[in-house]
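Undergrad: Before I ask anything, let me first share the structure, which is written out below as structure tokens.
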Amino acid sequence: MSVDAATVRRIAMLARIAIKDDEVPPLVGELNQILDWVEQLGEVDTTGVEPMTSVANVSAPLRADDVTDGGKGDDILANAPDAREGHFTVPRVVE
Amino acid sequence: MSQLTDLDIAGARDALAKGDVSSEELTAAYLEAIHEADPLNAFITVLPGKAIEMAKESDARRRSGTVGALEGIPLAIKDLFCTQGVLTTAASHILDGFTPAYESTVTQNLWNAGGVLLGKTNLDEFAMGSSNETSYYGPVRNPWRLDDAGGRGGDGLVPGGSSGGSAAAVAAHLCAGATGTDTGGSIRQPAALTGTVGLKPTYGRCSRWGTIAFASSLDQAGPMTRTVRDAAIMLGAMAGHDPKDSTSIDMPVPDFEAALAGGVNGLTVGVPDEYRVDGMPKEIEDLWQQGIELMKAQGATIKPVSLTRTKYALPTYYIVAPAEASSNLARYDGVRYGLRVPGDDITGMYENTRAAGFGAEVKRRILIGTYVLSAGYYDAYYLQAQKVRTLIAQDFAQTFEDVDLILTPTSPDQAFGIGAKTDDPLSMYLNDVFTVPASLAGLPGISVPTGLSGDGLPLGLQLIGKAFDEETVLRGAYALEQAAGFTAKPDPWWRA
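Protein chains in written order, with my numbering: chain A, 1 to 95; chain B, 96 to 591.
Dropping the structure here:
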């Protein structure tokens with residue numbers, strides 16, 4: 001499997017990263033170089049092997065369904081590039 | 096004043112306890128050393144006012160009889176840990192001006208133990224790199240340099256990455272100790288390249304809460320220090336269960352410093368043949384053999400072991416880590432913090448912000464990660480990598496039924512010149528070939544400086560241990576350190 005220019009544009013769109021036309025050819029080359037190299041994993045027999053989801057062999061901890069934090073509205077908005085009246089502000093999304 | 100910065104953590108602790116020096120004096124000496132070391136570019140942010148204030152508070156606590164494990168010790172913090180009220184950048188343009196309203200658990204633990212914050216150290220952008228050249232704030236220079244007759248280190252040498260700023264700061268005595276984070280080797284590899292000690296604890300030993308995420312199933316914080324004893328002291332303060340991080344394991348934190356005295360007599364140390372890679376310089380092979388002899392001379396039994404899937408660790412890592420990174424870095428969209436670049440609509444704003452805010456290596460990894468997780472490729476790449484990861488972890492688990500520790504080189508080569516590998520991502524990735532396998536298995540590993548290359552640059556050996564057995568790792572590392580007697584220091588050219 002190898003990526004072409006259209007695939008690079010598509011994954012850049014999925015990743016929400018704008019790329020210019022002149023950035024596409026070098027990315028095609030770099031991504032293919034890396035993908036060719038990781039292809040070697042295909043030669044490992046993984047029949048019946050469980051995929052690893054966590055290195056720690058423990059079950060996920062549970063906690064009481066209680067509010068332990070809150071009242072941090074100002075803290076949450078403090079670093080926003082644009083915040084007004086207690087909200088994050090973004091370009092209009094609904095006409 | 097410069098004499099004070101020669102004190103390591105244990106030495107400073109003793110001098111402070113005896114009243115020979117105050118934390119304020121010690122902190123002032125380090126701030127002066129940092130000021131003189133501008134050419135190293137080891138720090139993104141230096142905090143002279145805050146450091147002196149914290150040192151004065153520490154001196155006051157000491158007078159009142161309250162003394163923590165790191166009381167009054169000046170530390171540097173990798174700029175991946177959120178520090179309340181202090182600029183935190185992950186070395187990325189996209190986090191411009193980000194000042195967290197909260198403190199990471201690891202740094203809070205250090206301040207609770209009495210530590211003093213000198214500043215935030217430089218790193219590879221979002222910890223993605225093996226040379227500290229991907230930082231938006233420019234590359235860090237290794238305090239060690241080549242005698243440049245051969246023209247190989249014209250712009251200086253890399254300190255390794257991604258915790259290169261912390262490694263350089265420790266090696267140049269700009270702090271008593273520093274924090275690093277290790278995803279695929281980002282603590283151990285820079286430690287090896289700068290002649291310092293770097294310890295990656297077991298995954299889950301230190302909380303990841305408030306540490307900017309790269310690859311969540313791999314990221315782990317650890318200490319970077321001048322000695323193994325200092326690593327033990329610092330880890331004791333950093334570690335511990337944190338209910339705020341569901342991957343933080345609820346286990347007691349042992350007295351790591353007390354474990355050092357154990358020695359290696361009676362331990363079995365495994366030596367895996369698969370860590371002899373093509374093109375590895377003979378001096379790395381010789382260093383490894385020397386380490387084996389030193390362990391043997393102290394009573395350890397050496398046992399050849401086989402970790403058959405070692406060669407698949409690096410490609411597995413370069414699927415798993417970018418996949419997780421592509422997901423973790425989705426939060427940087429110009430809405431809640433950092434950089435915002437306008438666009439025609441909200442999607443355009445996201446795309447422009449991320450295009451301008453991320454550097455080339457971060458973009459490359461996000462794109463790889465997005466690709467291997469995308470429909471049609473998920474099973475072939477991501478799922479297969481997760482299965483191979485299981486096999487790699489099983490190899491280690493099986494091997495550790497017969498041995499207490501595994502001894503390997505830390506890095507396949509000495510520090511290289513800035514710019515030497517930036518055009519070749521794959522060749523850069525190979526620098527972590529010996530550290531990545533233990534990361535995939537979540538195991539603790541340490542790098543100890545044990546010798547110099549023919550060029551006079553430091554080289555390190557790595558010890559890998561069983562999960563949550565940092566005590567044996569530290570015992571082994573201490574024995575190796577004492578036997579190797581590595582005392583070389585970089586010539587302080589940066590002060591000139």
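All C-beta atoms in this analysis are idealised placements derived from N, C-alpha and C, irrespective of residue type, glycine included.
If you're wondering where the values come from, they're calculated on a predicted model, not measured in any experiment.
Between the Cα of residue 543 of chain B and the Cα atoms of B:484, B:165, B:323, B:214, which residue gives the shortest distance?
TA: It is B:323.
Undergrad: Could you have a look at residue 268 of chain B and say whether DSSP puts it in helix, strand or coil?
TA: Residue 268 of chain B: coil per DSSP, three-state reduction.
Undergrad: Give the DSSP bridge partners of residue 138 of chain B, in chain order.
TA: Note: residue 138 of chain B sits in a beta bridge opposite B:216.
Undergrad: In whole angstroms, what separates the C-alpha of residue 583 of chain B from that of residue 9 of chain A?
TA: Spanning the two alpha carbons is a distance of roughly 51 Å.
Undergrad: For residue 50 of chain A, would you say it is in contact with chain B, using Cβ-to-Cβ distances shorter than 8 Å as the test?
TA: Chain B contact via Cβ: present.
Undergrad: Using a Cβ-Cβ distance cut-off of 8 Å, determine whether residue 592 of chain B contacts chain A.
TA: For chain B, the structure presents residues 96 to 591; residue 592 of chain B sits outside this window and is missing.
Undergrad: For residue 157 of chain B, count neighbouring C-beta atoms within 10 Å of its own C-beta (all shown protein chains included) and say buried if the count is 16 or more, exposed if not.
TA: With 16 or more Cβ atoms within 10 Å of its Cβ, residue 157 of chain B is classed as buried.
Undergrad: Output needed for residue 235 of chain B: all residues of its chain with C-beta closer than 6 Å, excluding positions within five of it in sequence on either side, in chain order.
TA: For residue 235 of chain B, where only same-chain residues beyond five positions count, the Cβ hits under 6 Å are 136, 137, 217, 227, 254, 259, 260, 263.
Undergrad: Report the neighbours of residue 32 of chain A on chain B: residues whose CB is nearer than 8 Å to its CB, in chain order.
TA: None at all; the shortest Cβ gap to chain B is about 11 Å.
Undergrad: Roughly how many whole angstroms lie between the Cα atoms of residue 479 of chain B and residue 26 of chain A?
TA: Each residue's Cα considered, the two are about 27 Å apart.
Undergrad: Give the list of continuous alpha helix (DSSP H) stretches no shorter than 4 residues that lie fully inside the region 151 to 211 of chain B.
TA: Listed in chain order, the complete alpha helix (DSSP H) runs (minimum 4 residues) inside the region 151 to 211 of chain B are 200 to 207.
Undergrad: Which parts of the region 484 to 554 of chain B are runs of the beta strand (DSSP E), unbroken and 3 residues or longer, counting only runs that do not cross its ends?
TA: Here the runs fully enclosed are 500 to 504, 540 to 547.
Undergrad: Tell me, please, whether the CB atom of residue 97 of chain B is closer than 8 Å to any CB atom in chain A?
TA: The predicted position of residue 97 of chain B is uncertain, since its pLDDT is 48 and thus under 50; a value taken from the coordinates is nonetheless stated next. No, because no Cβ of chain A sits closer than 8 Å to the Cβ of residue 97 of chain B.
Undergrad: In chain B, what lies closer than 8 Å to residue 54 of chain A by C-beta?
TA: Per Cβ cutoff of 8 Å: 312, 342.
Undergrad: Give a yes or no on whether the minimum CB-CB distance between residue 9 of chain A and chain B is below 8 Å.
TA: Taking Cβ atoms only, chain B never reaches closer than 8 Å to residue 9 of chain A, which makes this a no.
Undergrad: Under 7 Å Cβ-Cβ, which residues of chain A neighbour residue 446 of chain B?
TA: Going along chain A in sequence order, the residues near residue 446 of chain B (Cβ under 7 Å) are 16, 17, 18.
Undergrad: What does residue 481 of chain B touch in chain A if you count any residue whose Cβ is under 8 Å from its own?
TA: Per Cβ cutoff of 8 Å: 51, 52, 53.
Undergrad: Straight-line CA distance for residue 487 of chain B to residue 127 of chain B?
TA: Going by the C-alpha atoms only, they are around 46 Å apart.
Undergrad: For the putative contact between residue 164 of chain B and residue 118 of chain B, defined by C-beta atoms under 8 Å, what is the C-beta separation to the nearest angstrom?
TA: Actually they do not touch by this definition, with Cβ atoms about 14 Å apart.
Undergrad: Between residue 212 of chain B and residue 194 of chain B, which are expected to be in contact by the criterion C-beta below 8 Å, what is the C-beta distance as a whole number of angstroms?
TA: In fact, because the Cβ distance is near 14 Å, the residues do not count as touching under 8 Å.
Undergrad: So residue 329 of chain B packs on residue 320 of chain B, CB below 8 Å; how close in whole Å?
TA: About 6 Å; that satisfies the 8 Å criterion.
Undergrad: Give a yes or no on whether the C-beta atoms belonging to residue 460 of chain B and residue 417 of chain B are separated by under 8 Å.
TA: Contact flag set, yes.
Undergrad: Along the beta strand (DSSP E) that carries residue 323 of chain B, what are the first and last residues, could you check?
TA: Element bounds for residue 323 of chain B: not the beta strand (DSSP E) but the alpha helix (DSSP H), 323 to 333.
Undergrad: Return the chain-ordered list of same chain residues with a C-beta closer than 6 Å to the C-beta of residue 97 of chain B, the five sequence neighbours on each side being excluded.
TA: Here the model assigns residue 97 of chain B a pLDDT of 48, short of 50, so the residue's position is not dependable and the matter cannot be decided.
Undergrad: Helix or strand or just coil, what does DSSP make of residue 366 of chain B?
TA: Residue state, collapsed to three classes: strand.
Undergrad: For residue 88 of chain A, which residues does DSSP report across the bridge?
TA: Per DSSP, A:83.
Undergrad: Do you know offhand how far residue 570 of chain B's Cα is from residue 482 of chain B's?
TA: Approximately 33 Å, taken between the alpha carbons.
Undergrad: Cα-Cα, which of B:106, B:134, B:132 is closest to residue 121 of chain B?
TA: If we check each option's Cα against that of residue 121 of chain B, B:106 comes out closest.
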